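Residues 4 to 493, numbered by this note's numbering, are exactly what the sequence shown covers, in order. Ideal Cβ placement from N, Cα and C applies to all residues, glycine included. The structure displayed is predicted, hence computed values, not measured ones. Below: the structure, in structure tokens.
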Amino acid sequence: MADTGITPRERDYSQWYLDVIAQGDLADYSPVKGCMVIRPHGYAVWDTMRNELDARFRATGHVNAYFPLFIPVSFLSKEAEHVEGFAKECAVVTHHRLRASAQGGVEPDPTSKLEEPLVVRPTSETIIWHMYGKWIQSHRDLPILINQWANVVRWEMKTRLFLRTTEFLWQEGHTAHATAEEAVAETKQMLDVYADFAEKVLAVPVVRGVKSASERFAGAVDTYCIEAMMQNGWALQAGTSHFLGQNFAKAFDVSFQTEAGSRDFVWATSWGVSTRLVGAVIMSHSDDTGLVLPPSLAPIQVVVTPIWRGEAEKATVLAFAERVDKLLCGQVRVKLDARDSMKPGAKYFEWERKGVPLRLEIGPRDVAQNSVFAAPRTGGGKFAIPVDEQLLAVVKAKLDEIQALLYNRAAERLAARTVSVSSYDELKARLEEGLFFRVNWCDDAANEARIKEETKATIRCYPLDGQSPDGPCFYSGRPATHVAIFARAY
Numbered sequence: 004m005a006d007t008g009i010t011p012r013e014r015d016y017s018q019w020y021l022d023v024i025a026q027g028d029l030a031d032y033s034p035v036k037g038c039m040v041i042r043p044h045g046y047a048v049w050d051t052m053r054n055e056l057d058a059r060f061r062a063t064g065h066v067n068a069y070f071p072l073f074i075p076v077s078f079l080s081k082e083a084e085h086v087e088g089f090a091k092e093c094a095v096v097t098h099h100r101l102r103a104s105a106q107g108g109v110e111p112d113p114t115s116k117l118e119e120p121l122v123v124r125p126t127s128e129t130i131i132w133h134m135y136g137k138w139i140q141s142h143r144d145l146p147i148l149i150n151q152w153a154n155v156v157r158w159e160m161k162t163r164l165f166l167r168t169t170e171f172l173w174q175e176g177h178t179a180h181a182t183a184e185e186a187v188a189e190t191k192q193m194l195d196v197y198a199d200f201a202e203k204v205l206a207v208p209v210v211r212g213v214k215s216a217s218e219r220f221a222g223a224v225d226t227y228c229i230e231a232m233m234q235n236g237w238a239l240q241a242g243t244s245h246f247l248g249q250n251f252a253k254a255f256d257v258s259f260q261t262e263a264g265s266r267d268f269v270w271a272t273s274w275g276v277s278t279r280l281v282g283a284v285i286m287s288h289s290d291d292t293g294l295v296l297p298p299s300l301a302p303i304q305v306v307v308t309p310i311w312r313g314e315a316e317k318a319t320v321l322a323f324a325e326r327v328d329k330l331l332c333g334q335v336r337v338k339l340d341a342r343d344s345m346k347p348g349a350k351y352f353e354w355e356r357k358g359v360p361l362r363l364e365i366g367p368r369d370v371a372q373n374s375v376f377a378a379p380r381t382g383g384g385k386f387a388i389p390v391d392e393q394l395l396a397v398v399k400a401k402l403d404e405i406q407a408l409l410y411n412r413a414a415e416r417l418a419a420r421t422v423s424v425s426s427y428d429e430l431k432a433r434l435e436e437g438l439f440f441r442v443n444w445c446d447d448a449a450n451e452a453r454i455k456e457e458t459k460a461t462i463r464c465y466p467l468d469g470q471s472p473d474g475p476c477f478y479s480g481r482p483a484t485h486v487a488i489f490a491r492a493y
């Protein structure tokens with residue numbers, strides 16, 4: 004579409020996604036293959052996510068800390084399943100200095116080779132549990148409830164902005180407990196924190212569930228997850244919370260003296276979300292005009308755009324716009340766009356592509372009528388709002404309405420496109436519709452792998468909705484052990 008620079012979703016959903024990112028000034032490609040540059044508007048979206056999540060973490064008793072980017076290779080070798088899960092994605096540092104090359108440029112200095120190679124952090128369980136071994140001696144040292152905001156590196160072969168990049172930003176919580184019951188309760192609590200955040204801030208409904216054995220985190224006993232449906236019906240894992248049992252405590256010899264005086268290994272959890280949530284928001288709400296942001300997430304919730312012709316109108320309109328800005332400032336995230344280098348239409352187009360939920364237009368006629376002209380990003384027509392003591396309340400109510408509209412649209416899509424099928428043939432026949440397939444399933448890793456190879460659909464989760472199988476396995480015909488959701492996923 005030449006008028007927007009955005010490919011229609013129905014024509015090419017993947018290109019549409021990339022176009023929305025480019026036109027919304029969210030991110031750009033880095034000269035390092037597989038990495039991205041997060042532009043200021045994209046980082047502002049992540050900043051809002053981080054602030055909202057951090058407040059939730061603190062409210063549940065967690066504190067922030069920071070651990071090194073570099074991890075000794077030997078640390079990853081201590082937990083066999085963990086190292087196997089990440090071995091193919093690790094970037095390794097072998098030298099600490101460069102020297103001039105005879106061919107020009109620089110090369111690693113052979114005399115600077117490290118005694119032990121260092122892995123660039125793919126996740127921090129190993130180094131954190133090394134440190135916990137120093138800090139934990141007694142039950143009085145427990146629980147430890149630590150979160151880290153950091154970057155990680157996983158050397159991905161196929162990348163896509165925000166959804167899967169070689170380096171990305173995230174948070175990772177790592178907690179230590181005296182009992183399995185406490186650790187499991189922590190794991191489920193953090194899953195609920197993520198689900199609440201996704202639904203109330205991102206306006207993205209999610210399915211809470213537990214992963215199959217083949218999909219769980221490397222080194223975990225159980226992985227809990229929230230799964231979201233994108234507009235094309237594909238799934239996106241929006242957050243995970245892992246019950247690690249005593250695996251890492253045993254690997255790093257982290258034990259404590261119990262209240263009874265005996266010794267036991269510590270029980271552990273880890274949990275995290277990343278910048279892929281920005282991708283989730285894009286694919287859940289945006290349209291063929293560009294980015295659509297829910298008001299609870301938008302860095303700019305309201306943009307005030309004054310319109311004038313000539314200096315006489317400019318002074319009057321700007322003074323009125325500044326008054327509106329002051330009435331809203333501190334109560335909503337508002338920006339006054341007083342640039343005179345752009346025509347009004349170009350401004351409107353820019354803020355639409357950047358997903359600002361509500362635009363307030365002010366021209367000489369609006370000043371005369373003591374009102375603003377409001378244009379919601381979600382459509383529905385423009386309307387006037389009087390500039391009086393009710394302005395703030397009306398604007399807040401409209402933002403709440405937009406937030407609810409976006410959530411309800413996504414919830415209706417999730418409900419309409421989650422279907423029950425009783426046979427594998429039926430799943431294959433409807434695969435291109437973009438659906439969540441709810442099935443009776445007999446847990447079998449070999450069959451799971453065959454389905455993935457043949458259809459690219461995977462078990463997203465076993466839903467935690469209390470439903471039990473009501474028939475035989477849809478694939479093998481054997482007695483079902485679970486209800487599972489299969490879908491194609493990012």
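Residues in its own chain within less than 6 Å of residue i by CB, not counting five upstream and five downstream?
i, result
"Gly480", "none"
"Cys476", "Asn443, Trp444, Cys445, Ala483"
"Gly236", "Arg420, Gly437, Leu438"
"Phe268", "Gln249, Ala252, Lys253, Ser258"
"Lys317", "Trp311"
"Val86", "Leu79, Ser80"
"Ile24", "Ala30, Leu164"
"Ser423", "Arg441"
Under a Cβ-count criterion, where at least 16 other Cβ atoms within 10 Å of its own Cβ denotes burial, should residue i be classed as buried or exposed?
i, result
"Thr114", "exposed"
"Leu101", "exposed"
"Arg312", "exposed"
"Glu118", "exposed"
"Arg61", "exposed"
"Thr97", "exposed"
"Lys116", "exposed"
"Ser141", "exposed"
If you drop the 5 nearest sequence neighbours on each side, which residues of the same chain put their C-beta closer than 7 Å to that of residue i?
i, result
"Pro389", "Asn373, Ser374"
"Gln192", "Thr63"
"His133", "Phe78, Phe255"
"Gln470", "Val486"
"Phe200", "Glu55, Leu56, Arg59"
Measuring CB to CB, does residue i end up less than 7 Å from residue j?
i, j, result
"Ala238", "Ala413", "no"
"Gln495", "Pro298", "Beyond the ends of the chain as shown, which are 4 and 493, falls residue 495; an answer cannot be given."
"Ala94", "Val123", "yes"
"Pro125", "Arg157", "yes"
"Thr278", "Phe165", "yes"
"Gly293", "Gly45", "no"
"Gln304", "Val281", "no"
"Ala221", "Ile229", "no"
"Met232", "Met286", "no"
"Gly212", "Cys38", "no"
Kindly list the residues whose CB is nearer than 8 Å to the CB of residue i, restricted to its own chain and excluding five residues on each side of it in sequence; keep chain order.
i, result
"Phe386", "Phe376, Ala377"
"Met4", "Any reading at Met4 must be qualified, since the residue scores a pLDDT of 38, below 50, and its modelled position is unreliable; no value is offered."
"Thr190", "Asp225, Tyr227, Ser244, His245, Phe246, Thr272, Trp274"
Under 6 Å: does the beta carbon of residue i sit that close to some heavy atom of the ligand GTP?
i, result
"Lys203", "Only the bare structure without any ligand can be found here, which leaves the ligand GTP out of the picture."
Quick one, which of the options has its alpha-carbon nearest residue i's?
i, options, result
"Asp225", "Trp274, Val210, Ala241", "Trp274"
"Pro208", "Pro367, Tyr197, Asp403", "Tyr197"
"Ala315", "His288, Gly366, Ile285", "Gly366"
"Ser425", "Tyr478, Leu29, Ile303", "Tyr478"
"Ala186", "Gln240, Trp270, Lys338", "Trp270"
"Pro43", "Thr458, Ala30, Asp473, Ser423", "Ala30"
"Ala181", "Ala105, Gly264, Ala318, Gly8", "Gly264"
"Phe489", "Gly383, Gln174, Glu218", "Glu218"
"Pro466", "Val486, Leu361, Lys346", "Val486"
"Leu205", "Ala216, Ser289, Ser127, Ala188", "Ser289"
"Glu184", "Pro146, Arg433, Arg416, Gln140", "Pro146"
"Leu402", "Glu325, Val320, Gly474, Val295", "Val295"
"Leu148", "Ile131, Lys161, Gly383", "Ile131"
"Pro302", "Val327, Pro347, Gly358", "Gly358"
**OP:** Report yes or no: do the segment 143 to 163 and the segment 54 to 73 share at least 3 C-beta pairs separated by less than 8 Å?
**Re:** The answer is yes - the segment 54 to 73 touches the segment 143 to 163, with three or more Cβ pairs under 8 Å.
Subject >> Segment contact, 8 Å Cβ cut-off, at least three pairs: the segment 350 to 365 with the segment 301 to 308 >> reply: Contact check between the segment 350 to 365 and the segment 301 to 308: three or more CB pairs, one atom from each, fall below 8 Å, which counts as touching.
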